[in-house]
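Asker: One structure, as structure tokens, below. Some questions next.
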Amino acid sequence: MRPFGYQRAASTRAAVEAVGAGDGAVFLGGGTNLVDLMRLGVATPHTLVDVTRIAPATIEETAGGGLLVGGGVRNGELAAHPLVRRRYPVLSQAVLAGASGQIRNMATVGGNLLQRTRCSYFQDVTKPCNKRQPGSGCPAREGDHRNLAIIGHSESCVATQPSDMAVALAALGATVHVEGPGGPRAVPMPGLHRLPGDQPQRDTVLGPGDLITAVELPPLPLAARSRYRKVRDRASFSFAVVSVAAALEVAGGVVRDCRIALGAVAHVPWRAETAEAALRGAEATEAEFTRAAELELAGARPLPGNAYKVPLARNLLVRVLTDLAEAP
Numbered sequence: 034m035r036p037f038g039y040q041r042a043a044s045t046r047a048a049v050e051a052v053g054a055g056d057g058a059v060f061l062g063g064g065t066n067l068v069d070l071m072r073l074g075v076a077t078p079h080t081l082v083d084v085t086r087i088a089p090a091t092i093e094e095t096a097g098g099g100l101l102v103g104g105g106v107r108n109g110e111l112a113a114h115p116l117v118r119r120r121y122p123v124l125s126q127a128v129l130a131g132a133s134g135q136i137r138n139m140a141t142v143g144g145n146l147l148q149r150t151r152c153s154y155f156q157d158v159t160k161p162c163n164k165r166q167p168g169s170g171c172p173a174r175e176g177d178h179r180n181l182a183i184i185g186h187s188e189s190c191v192a193t194q195p196s197d198m199a200v201a202l203a204a205l206g207a208t209v210h211v212e213g214p215g216g217p218r219a220v221p222m223p224g225l226h227r228l229p230g231d232q233p234q235r236d237t238v239l240g241p242g243d244l245i246t247a248v249e250l251p252p253l254p255l256a257a258r259s260r261y262r263k264v265r266d267r268a269s270f271s272f273a274v275v276s277v278a279a280a281l282e283v284a285g286g287v288v289r290d291c292r293i294a295l296g297a298v299a300h301v302p303w304r305a306e307t308a309e310a311a312l313r314g315a316e317a318t319e320a321e322f323t324r325a326a327e328l329e330l331a332g333a334r335p336l337p338g339n340a341y342k343v344p345l346a347r348n349l350l351v352r353v354l355t356d357l358a359e360a361p
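See below:
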């Protein structure tokens with residue numbers, strides 16, 4: 034690990050200015066991803082700006098009936114909060130599926146959304162990687178891409194976004210509140226993360242000095258009937274091979290509304306808008322769920338080593354929707 038400086042920010046504005054100056058400073062929250070990348074030599078910040086004492090760390094109800102989750106809230110606290118568990122079970126389940134208890138008690142909401150890919154080529158500084166060093170190439174396309182993207186990837190990058198929480202928030206249509214050099218702004222989800230295109234080094238639409246201060250969950254009654262399910266290579270802590278976040282409202286055997294997002298299939302948490310549109314007004318049957326899933330995945334472009342993800346994503350989505358439809 035290379036030497037680095039450390040400073041404790043006295044205020045949000047001071048933190049934004051320190052990182053926005055562009056001299057190699059980065060924010061430090063829980064550090065559960067950043068410190069790992071520093072040890073690998075992937076991240077080499079000049080200075081760590083500690084925001085743990087200034088980032089909002091409360092969960093409050095909004096006037097409209099949603100929840101405002103501070104960017105400094107620890108993942109463990111978010112998953113255990115009674116209002117989250119009751120109103121947005123998909124979010125609680127996603128966070129619990131995302132890491133060990135020790136990591137959840139360290140990691141913050143803001144940092145979770147900014148996790149970087151676990152692509153082995155990105156994490157190995159002896160290998161070329163367009164995300165780590167633009168223009169150096171993407172060896173994953175011809176190499177080990179078993180767990181990488183099947184949707185929305187480019188010639189430059191086939192990495193996936195690793196956050197379980199982000200998948201649930203994309204399904205819920207959350208809003209990310211950001212304080213940056215230009216002042217505060219709100220970023221919708223999906224919309225925070227970006228597809229790789231020809232700039233795979235950019236994971237999100239955030240710029241230098243942009244700090245996530247809160248995540249707002251909308252008032253969404255159907256979210257009380259929601260679920261997160263994750264397929265992984267081992268039952269203990271592991272990143273997703275494919276995951277599904279879904280909420281479903283059924284009346285008289287017909288789908289009135291639904292929200293669906295897929296994880297570990299793209300560079301972003303993938304909102305399944307095509308499947309949602311196909312299901313609204315359709316019968317809540319396995320046949321209709323299968324039809325919607327196949328429509329959503331019709332545009333998938335798997336590589337030779339990860340084509341198995343297409344039927345896996347279809348079957349997982351159908352299973353989650355069927356379970357929700359049959360739940361009392």
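To get my numbering, take the position in the sequence shown, counting from 1, and add 33.
In this text, a Cβ means the ideal position worked out from N, Cα and C, and glycines have one as well.
Nothing here was measured: the structure is a model prediction, and the numbers come from that model.
1) Put R110 into one of helix, strand or coil per three-state DSSP.
2) Taking only the alpha-carbon atoms, compute the straight-line gap between G206 and M222 and give it to the nearest angstrom.
3) Alpha carbon to alpha carbon, how far is T307 from D69? Give it in angstroms, no decimals.
4) Leaving out five residues on either side along the sequence, give the residues of the same chain with a beta carbon under 6 angstroms from the beta carbon of A88.
5) Could you tell me which residues DSSP puts in a beta bridge with G296?
6) Taking contact to mean at least 3 C-beta pairs separated by less than 8 angstroms, is the region 256–266 in contact with the region 197–206?
7) According to the Cβ coordinates, are N108 and G74 closer than 9 angstroms?
8) Jot down the residue ranges of each uninterrupted alpha helix (DSSP H) in the region 75–145, minimum 4 residues, whole runs only, in chain order.
9) Let me make sure I understand the geometry here. Which of P233, D236, L255, M71 has the alpha-carbon closest to that of R289?
10) Return the Cβ separation of P251 and G99 in integer angstroms, given the expectation that the two are a contact with Cβ distance under 8 angstroms.
11) Please report how far the alpha carbon of T91 lies from the alpha carbon of R137, in whole angstroms.
12) Cα-Cα, which of V248, D236, A320 is closest to V33?
13) Pairs of beta-carbons, one from the region 111–122 and one from the region 230–238, closer than 8 angstroms: are there three or more?
14) Who are the Cβ neighbours of E282 in its own chain at under 8 angstroms, not counting the five residues just before and after it?
15) List the residues that DSSP assigns as beta-bridge partners of T237.
16) Report the three-state DSSP secondary structure of D266 (helix, strand or coil).
17) Identify which residue in L101, G286, T80, G57 has its Cα closest to the Cα of P361.
18) Who pairs with P221 in a beta bridge, going by DSSP?
19) Note down, in chain order, each residue of its chain lying with its Cβ closer than 8 angstroms to the Cβ of T323, except the 5 sequence neighbours on either side.
20) Can you list, in chain order, the residues of its chain with a C-beta nearer than 8 angstroms to that of L345? Leave out the 5 residues immediately preceding and following it.
21) Please identify the residue among C162, R46, A58 whose C-alpha is closest to the C-alpha of T150.
22) Pairing CB atoms from the region 36–47 with CB atoms from the region 78–87, are three or more of them under 8 angstroms?
23) Under a Cβ-count criterion, where at least 16 other Cβ atoms within 10 Å of its own Cβ denotes burial, should Y148 be classed as buried or exposed?
24) If we call anything under 9 angstroms between Cβ atoms a contact, is A42 one with A54?
25) Under 7 angstroms Cβ to Cβ from E319, same chain only, skipping five residues before and after it: list those, please.
26) Among the residues of its own chain, which have a CB less than 7 angstroms from the CB of A326, if the five just before and after it don't count?
27) Check F155 in the structure and name its three-state DSSP category.
28) Take the Cβ of R72 as the centre, count every other Cβ of all protein chains shown within 10 Å, and call the residue buried at 16 or more, exposed below.
29) Pull up the distance between the alpha-carbon of W303 and that of R46, whole angstroms please.
30) Which partner residues does Y261 have in the DSSP bridge list?
31) Using the rule of at least 16 other Cβ atoms within 10 Å of the residue's Cβ for burial, across every protein chain shown, is R86 buried or exposed?
Answerer: Reading from the atomic positions:
1) Taking the first residue of the sequence shown as position 1, residue 110 is located at position 77. Residue 110 is actually Glu in this sequence, not Arg. Of the three classes helix, strand and coil, the one that applies to E110 here is helix, per DSSP.
2) Mapped onto the sequence shown, residue 206 falls at position 173. Mapped onto the sequence shown, residue 222 falls at position 189. Cα to Cα, the separation comes out at about 5 angstroms.
3) Numbered from 1 along the sequence shown, position 36 holds the residue referred to as residue 69. Numbered from 1 along the sequence shown, position 274 holds the residue referred to as residue 307. Approximately 37 angstroms, taken between the alpha carbons.
4) One-based indexing of the sequence shown puts residue 88 at position 55. The residues are G104, G105.
5) Locating residue 296 in the sequence shown gives position 263, where the first residue counts as 1. Answer is S276, bridged to G296.
6) yes
7) Translated into the one-based positions of the sequence shown, residue 108 becomes position 75. Translated into the one-based positions of the sequence shown, residue 74 becomes position 41. Not a contact, by the Cβ cut-off of 9 angstroms.
8) 108–113, 115–120, 122–131, 134–137
9) To locate residue 289, count along the sequence shown from 1; it is residue 256. Residue L255 is the option with its Cα nearest to R289.
10) Sequence index remark: in the sequence shown, residue 251 carries index 218 (1-based). Sequence index remark: in the sequence shown, residue 99 carries index 66 (1-based). Indeed, because the Cβ distance is near 5 angstroms, the residues count as touching under 8 angstroms.
11) Looking up residue 91 in the sequence shown gives position 58. Looking up residue 137 in the sequence shown gives position 104. Answer to the nearest angstrom: the Cα atoms are 16 angstroms apart.
12) Outside the modelled stretch of the chain, which goes from 34 to 361, sits residue 33, for which no answer is possible.
13) Taking 8 angstroms as the limit for Cβ pairs, the verdict is that the region 230–238 does not touch the region 111–122.
14) In the sequence shown, counting from the first residue as 1, residue 282 sits at position 249. Here the set comprises P254, L255, R258, V288, R289, D290, C291.
15) Taking the first residue of the sequence shown as position 1, residue 237 is located at position 204. Per DSSP, the beta-bridge partners of T237 are H226.
16) Along the sequence shown, read from residue 1 onward, the residue named residue 266 stands at position 233. In the structure shown, D266 sits in coil (DSSP, three-state: anything other than H, G, I, E or B).
17) Position 328 of the sequence shown, counted from the start, is the residue given in the question as residue 361. If we check each option's Cα against that of P361, G286 comes out closest.
18) The residue you call residue 221 lines up with position 188 of the sequence shown. Under DSSP, P221 takes part in a beta bridge, and its partners are T208.
19) Mapped onto the sequence shown, residue 323 falls at position 290. Excluding residues within five positions, the ones whose Cβ falls inside 8 angstroms are R347, V351.
20) Within the sequence shown, the letter at position 312 stands for residue 345. Annotation for L345: V264, V274, V275 place their beta carbon closer than 8 angstroms to its own, counting only its chain and skipping 5 residues before and after.
21) Counted from its first residue, the sequence shown places residue 150 at position 117. Selected option, being the one with the closest Cα: C162.
22) yes
23) What you label residue 148 is simply residue 115 of the sequence shown in a count that begins at 1. The question names Tyr, yet the displayed sequence has Gln at residue 148. Buried: at least 16 other Cβ atoms inside 10 Å.
24) To locate residue 42, count along the sequence shown from 1; it is residue 9. To locate residue 54, count along the sequence shown from 1; it is residue 21. The answer is no: Cβ separation not under 9 angstroms.
25) As a first step, residue 319 must be located in the sequence shown, where it is residue number 286. Excluding sequence neighbours, E319 sits near V351, T355.
26) For this step, residue 326 is matched to residue 293 along the sequence shown. Here the set comprises A308, R347, L350, V351.
27) The residue labelled residue 155 in the question sits at position 122 within the sequence shown. F155 falls in the helix class under three-state DSSP.
28) Here residue 72 refers to the residue found at position 39 of the sequence shown. That one is exposed.
29) On the sequence shown, position 270 is the one that residue 303 refers to. On the sequence shown, position 13 is the one that residue 46 refers to. For W303 and R46, the distance between alpha carbons rounds to 32 angstroms.
30) Along the sequence shown, one-based indexing puts residue 261 at 228. Its beta-bridge partners are A278.
31) As a working note, residue 86 is residue 53 in the sequence shown. Exposed, by the Cβ-count rule.
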